[in-house]
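This report refers to the structure that appears directly beneath it.
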Amino acid sequence: MENGNGQEEDFFCEANLIFSYTRKQAIADGVLVDVSEMAQEAGFIIPVAVTVALYAEVVTPSEEATETLGQSRDGRLWDLLWMLLMAIRRAKPTDDPQIIRYEILVAELDGTREVELKAVCGPNDDATPCITVMYPYED
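When you line the sequence shown up against this note's numbering, it's residues 402 to 540, in that order.
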């Protein structure tokens, strides 16, 4: 925005910041779960986190699923990340580059269920890119 003297002026320069909540705080508070270590093993070069709801309900198998079906947290997380990587690679140039929607299959005692997911690429606290994976209805 020009200030009238031909100079650019920062729109937020005089703004009073009411509230900010960083990604680092969200991870520390348990709102997000940092899965960057395994994501790096899967081929991601930027940080990746999942929402706590997704981590608890999809990534973490029930005791019965672990004992009966051999499901594990690491195995499910790997599947979630691998399928995201495949969805990114399949994306068309006309698709929204910041949002990837994809599905994973999760083995449960009563069969396999399909879970719809949304991955959002946005700025990390230092403005570098990062990915957050969540349910489609989460922000």
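Backbone N, C-alpha and C define an ideal beta-carbon position, used for all residues, glycine too.
Strand pairing of residue i, partner residues [DSSP]
{"i": "M484", "result": "According to DSSP, which records beta bridges pairwise, M484 is partnered with nothing at all."}
Own chain, CB closer than 7 Å to residue i, minus 5 neighbours either side, in chain order
{"i": "M484", "result": "Y503, I505"}
{"i": "Y456", "result": "V434"}
Neighbourhood of residue i by C-beta distance below 6 Å, restricted to the same chain and skipping five residues each side
{"i": "V449", "result": "V436, S437, A440, I532"}
{"i": "E517", "result": "E504, P537"}
Residue i burial status per 10 Å Cβ neighbour count (16 or more: buried)
{"i": "D540", "result": "exposed"}
{"i": "L470", "result": "exposed"}
{"i": "A520", "result": "buried"}
{"i": "T452", "result": "buried"}
{"i": "Q472", "result": "buried"}
{"i": "I500", "result": "exposed"}
Sequence-distant residues of its chain with Cβ nearer than 8 Å to residue i (five each side left out)
{"i": "P530", "result": "I447, C522, G523, P524"}
{"i": "D526", "result": "T423, R424, K425"}
{"i": "R474", "result": "V460, T461, P462"}
Do the region 463-474 and the region 506-515 make contact, defined as three or more Cβ pairs closer than 8 Å? Touching, yes.
Looking at C-beta atoms only, is the number of pairs between the region 418-433 and the region 474-488 that lie closer than 8 Å three or more? Counting Cβ pairs under 8 Å, fewer than three are found: no touch.
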